[in-house]
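Visitor: Okay, here's the structure, questions in a sec.
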Amino acid sequence: MTTLLVIAKEPRPGRVKTRLTPPFTPGQAARLAEAALADTLHAVAATPASRRVLVLDGAPGPWLPPGFDVVPQCVGGLDERLADAFAHCDGPVLLIGMDTPQVTPELLTVDFADCDAHFGPAEDGGFWALGLARPDPGLLRGVPMSTPVTGAAQRDRLLTAGLRVRDLPSLRDVDTAADAHAVAALAPHGRFAARLARCTAAVGPDARPGTGAGPPPAAPR
């Protein structure tokens with residue numbers, strides 16, 4: 712059975728979802744990040760797995776459901792932190808970030824019977840999921856992160872290593888206000904959608920979809 716990893720930051724104001732400000736305040740952005748993380752963790756908790764691990768920058772809070780091991784992120788760039796997360800695992804592993812609260816247990820239930828890797832592209836050019844039948848940190852180190860070609864570079868790294876890659880559905884990350892509204896519409900009954908509705912009501916029309924656009928980061932954080 713697969714180990715499921717979630718790499719995340721503690722949802723503290725000023726440290727997460729900074730591209731949501733404006734239209735949202737740093738506190739609102741942090742609450743949106745907390746809701747996204749909670750939805751993600753609950754989807755992981757409902758997915759069959761041999762182990763569930765939160766690779767965390769910060770401290771756990773009441774948003775963490777039972778059944779997770781919590782390990783700290785290492786220092787270094789995102790490629791090093793992702794590589795380190797895989798380095799501490801044996802057997803099949805699937806890693807995701809905290810930016811896709813629309814994820815479901817069905818999407819996370821992967822089978823390595825006829826492939827060596829699962830790759831989940833993100834609409835912004837990054838990736839939302841990476842699964843490896845045999846964890847190899849070297850497959851991530853040196854991949855350029857937070858660029859529009861991060862996903863393509865990571866997938867090419869897998870293919871160059873001779874791995875059989877199975878693509879997962881493309882998902883949209885939550886980076887901007889427009890992303891937040893689009894993702895909430897895909898999972899209207901989740902914690903993220905409910906929190907977004909409250910935040911939007913608080914800040915008024917400036918939080919409508921289409922605000923907050925900018926160059927996207929491109930990998931799980």
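First residue of the sequence shown? That's 712 in our numbering, and the numbers climb one at a time after it.
Backbone N, C-alpha and C fix where the C-beta goes; we use that ideal spot for every residue, glycine too.
1. Using beta-carbon positions only, say whether residue 876 and residue 830 come within less than 8 angstroms of one another.
2. With DSSP run on the structure shown, which of helix, strand or coil describes residue 879?
3. Taking the alpha-carbon of residue 872 as reference, which of 843, 732, 903 and 855 has the nearest alpha-carbon?
4. Would you call the stretch 749-766 in contact with the stretch 723-739, where contact means no fewer than 3 C-beta pairs closer than 8 angstroms?
5. Is the beta carbon of residue 797 sitting closer than 8 angstroms to the one on residue 848?
6. Taking Cβ positions, are residue 882 and residue 839 nearer each other than 8 angstroms?
7. What is the DSSP secondary structure of residue 845, reduced to helix, strand or coil?
8. For residue 767, write down the residues that DSSP places opposite it in a beta bridge.
9. Using CA atoms only, rank isn't needed, just tell me which of 878, 719 and 791 is closest to residue 1005.
10. Is residue 809 buried or exposed, if buried means 16 or more other CB atoms sit within 10 Å of its CB?
11. Indicate whether at least one CB of chain B lies closer than 8 angstroms to the CB of residue 889.
12. Apart from the five residues just before and just after residue 924, which ones in its own chain have a Cβ nearer than 7 angstroms to its Cβ?
13. Which stretch, first to last residue, makes up the alpha helix (DSSP H) that contains residue 895?
14. On the three-state DSSP scale, how would you describe residue 936?
15. Going by C-alpha distance, which of 902, 758, 788 and 904 is nearest residue 851?
16. With burial defined as no fewer than 16 other Cβ atoms inside 10 Å of the residue's Cβ, what is the status of residue 824: buried or exposed?
17. What whole-angstrom Cβ distance do residue 813 and residue 898 have, given they're in contact under 8 angstroms?
18. Give me the Cα-Cα distance between residue 723 and residue 901, rounded to the nearest whole angstrom.
19. So the alpha helix (DSSP H) residue 914 belongs to, where does it begin and stop?
Guide: The answer reads as follows:
1. yes
2. coil
3. Among 843, 732, 903 and 855, the Cα nearest to that of residue 872 belongs to 843.
4. no
5. yes
6. yes
7. coil
8. In DSSP, residue 767 forms a bridge with 719 and 783.
9. It is not possible to answer for residue 1005, since the shown part of the chain is limited to 712 through 932.
10. buried
11. Chain labels in this structure do not include chain B; a single protein chain is all it has.
12. For residue 924, the pLDDT reaches just 37, beneath the cut-off of 50, and the residue's location in the model is therefore unreliable, although a value from the coordinates is still provided. Counting only Cβ-Cβ distances below 7 angstroms, and skipping sequence neighbours, we find 887 and 889.
13. 888-897
14. Shown here, the chain extends from 712 to 932; a query on residue 936 therefore has no answer.
15. 788
16. exposed
17. 4 angstroms
18. 20 angstroms
19. 902-914
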